[in-house]
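Colleague:
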Amino acid sequence: PIYFQARFLTSAPDLRRMPQDLGREVAFAGRSNVGKSSAINTLTNQKSLARTSKTPGRTQLINVFPVTENAALVDLPGYGYAKVPAAVRRRWDQVLPEYLAGRDALRGVVLVMDLRHPLTEFDRQMLDWCTHIGVPVHVLLTKADKFKQGAARNRGQNVGRQLQAEWPGVTWQIFSASKRMGVDEAHARLDEWLGL
Ligand code: GTP
Ligand code: MG
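Read in order, the letters of the sequence shown are residues 3 to 198 in UniProt numbering.
Structure follows, in structure tokens:
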């Protein structure tokens with residue numbers, strides 16, 4: 003898969019300081035510590051392309067990972083983590099919507115949720131925003147390795163039904179970064195958005 007050749011380009015604190023339009027971008031968003039950076043590492047088959055951590059709040063900048071000359075994956079800081087300083091949180095409340103609404107290259111959002119605790123208030127807000135601005139969303143229900151296979155599938159289907167009912171058009175899948183579950187399916191979605 004072409005995603006294996008992804009590399010790190012740069013980190014930016016906000017939209018204005020991002021590199022010029024790279025053509026097409028897919029951004030990974032979701033609650034803090036949910037596994038966004040780990041998902042990027044698994045999809046690119048690299049151990050530490052995106053920095054991960056046991057403690058929430060690891061990713062604090064917009065990290066850009068070009069896959070080809072005109073297609074990139076973008077790792078966003080997590081939202082909803084209570085312990086970051088209020089100033090950081092306030093800044094993020096601006097930067098995130100600004101990026102989502104203002105980035106011409108953005109073709110889709112991979113919204114990462116923990117299969118054990120999906121659809122938090124923040125996730126709902128993200129789904130509403132993305133719907134409002136017309137950016138398509140693919141939900142990765144990650145950490146599926148925490149369940150037995152059948153249970154993970156059932157749980158995924160339940161969450162999927164809720165998603166479809168409230169946000170028609172949203173696609174979803176179960177995923178595990180540690181067990182490499184759902185990698186091909188996620189690549190297929192990225193291919194579509196990035197034109198790869
Ligand atoms: P922030 O950058 O802080 O917002 O976090 P993040 O969403 O990028 O999460 P990150 O990838 O850093 O992972 C957070 C923790 O979850 C780490 O301890 C990971 O090892 C763990 N984790 C991530 N994906 C999985 C998974 O699929 N299964 C399991 N069991 N653990 C995972
Ligand atoms: Mg991260």
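Note that beta-carbon positions come from the ideal geometry of N, C-alpha and C, so glycine has one too.
Exposed or buried, what is G184 when buried is set at 16 or more other beta-carbons lying within 10 Å of its beta-carbon?
Modeller: buried
Colleague: A31: buried (16+ other C-beta within 10 angstroms of its C-beta) or exposed?
Modeller: buried
Colleague: Does the separation of the CB atoms of A146 and S178 fall below 8 angstroms?
Modeller: A distance below 8 angstroms separates the beta carbons of A146 and S178.
Colleague: Where in the stretch 99-139 do unbroken runs of the alpha helix (DSSP H), each at least 4 residues long, occur, reported from the N-terminal end onward?
Modeller: Whole alpha helix (DSSP H) segments, 4+ residues: 123-135.
Colleague: From I4 to T122, what does the alpha carbon distance come to, in whole angstroms?
Modeller: Approximately 33 angstroms between the Cα atoms of the pair.
Colleague: Leaving out five residues on either side along the sequence, give the residues of the same chain with a beta carbon under 7 angstroms from the beta carbon of P99.
Modeller: W131
Colleague: Just confirm the distance between the C-beta atoms of T173 and A41, as a whole number of angstroms; I'd bet it's less than 8 angstroms.
Modeller: About 15 angstroms; that fails the 8 angstroms criterion.
Colleague: With respect to the beta strand (DSSP E) encompassing W174, which residues constitute its N-terminal and C-terminal limits?
Modeller: T173 to I176
Colleague: Suppose you measure from the CA of D106 to the CA of V141; what does that come to, to the nearest Å?
Modeller: D106 and V141: Cα-Cα distance of roughly 21 angstroms.
Colleague: Do you know offhand how far D23's Cα is from P68's?
Modeller: Cα-Cα distance, rounded: 11 angstroms.
Colleague: Please state if the CB of N43 and the CB of G80 are separated by a distance shorter than 8 angstroms.
Modeller: no
Colleague: Between the beta-carbon of P21 and the beta-carbon of V66, is there less than 8 angstroms?
Modeller: yes
Colleague: Please tell me whether W169 and R109 are closer than 8 angstroms, where the distance is taken between their beta carbons.
Modeller: By the CB criterion at 8 angstroms, W169 and R109 fall outside the cutoff.
Colleague: With a Cβ-Cβ cutoff of 8 angstroms, do V28 and V97 count as a contact?
Modeller: Against a cut-off of 8 angstroms, the Cβ pair of V97 and V28 comes out as no contact.
Colleague: Assuming L117 and R157 are in contact, meaning their beta carbons sit under 8 angstroms apart, how far apart are those beta carbons, in whole angstroms?
Modeller: 6 angstroms
Colleague: Excluding sequence positions up to five away, which residues of its chain have a Cβ less than 7 angstroms from the Cβ of T133?
Modeller: Excluding its 5 nearest sequence neighbours in each direction, T133 has C-beta neighbours in its own chain below 7 angstroms: W169, listed in chain order.
Colleague: Report the rounded CA-to-CA distance for N72 versus T61, giving the unit in angstroms.
Modeller: 23 angstroms
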